[in-house]
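Chains as they are written, first to last, in the working numbering: chain A, 1 to 86; chain B, 1 to 26.
One structure is given below, encoded as structure tokens.
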């Protein structure tokens, strides 16, 4: 698979750009969190494309962002559960 | 929307067109 570059992305419509980024980061996230991969990818796609591209080139920053997203997701779910039981 | 964001975040599925936040709470 050829690397995703800024110029490759720039040639696609905005919605398509997120799709392309999602297709690249999803497999990486799936390795780390198979059950949460879809939601984590969805969260990370809210980040700027330039930062997502950087994260693809730097697995370390992608990994730390994924862990950050997992923490946010778990806090969000805990809050929803608390509201449901209230 | 009823103000709840219980469906957040939207889920990405490989091969499925990504619609971002439009994926949730139609």
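Every residue gets a Cβ at the ideal spot worked out from N, C-alpha and C, and that includes glycine.
All of these numbers come straight from a predicted model, not from anything done at the bench.
Can you name, in chain order, every residue of its own chain whose Cβ lies under 8 Å from the Cβ of residue i, other than the five neighbours on each side?
i, result
"residue 41 (chain A)", "22, 25, 26, 29"
"residue 50 (chain A)", "6"
"residue 70 (chain A)", "33, 36, 40"
Under DSSP, the alpha helix (DSSP H) around residue i begins and ends at which residues?
i, result
"residue 56 (chain A)", "49-57"
"residue 21 (chain A)", "14-32"
"residue 39 (chain A)", "37-44"
"residue 8 (chain A)", "6-10"
My assumption, with CB atoms under 8 Å, is that residue i sits in contact with residue j. Please give the rounded CB distance.
i, j, result
"residue 73 (chain A)", "residue 32 (chain A)", "That belief does not hold up - the Cβ atoms of residue 73 (chain A) and residue 32 (chain A) are roughly 13 Å apart, past 8 Å."
"residue 53 (chain A)", "residue 6 (chain A)", "6 Å"
"residue 62 (chain A)", "residue 4 (chain A)", "No, residue 62 (chain A) and residue 4 (chain A) are not in contact; Cβ-Cβ is about 13 Å, not under 8 Å."
"residue 18 (chain B)", "residue 15 (chain A)", "7 Å"
Taking 7 Å as the limit between beta carbons, can you name the residues of its chain near residue i, skipping five residues before and five after?
i, result
"residue 12 (chain A)", "20"
"residue 12 (chain B)", "18"
Tell me which residues share the same chain as residue i and place their Cβ nearer than 6 Å to its Cβ, disregarding the 5 neighbours each side in the sequence.
i, result
"residue 45 (chain A)", "18, 22"
### Query
Which residues, in order along the region 58-83 of chain A, keep a beta-carbon less than 8 Å from a beta-carbon of chain B?
Residues passing the 8 Å Cβ filter: 73, 76, 80.
### Task
Could you name the residues of the region 31-58 of chain A whose beta carbon sits closer than 7 Å to any beta carbon of chain B, in the order they occur along the chain?
Those would be 38, 39, 41, 42, 43, 45, in chain order.
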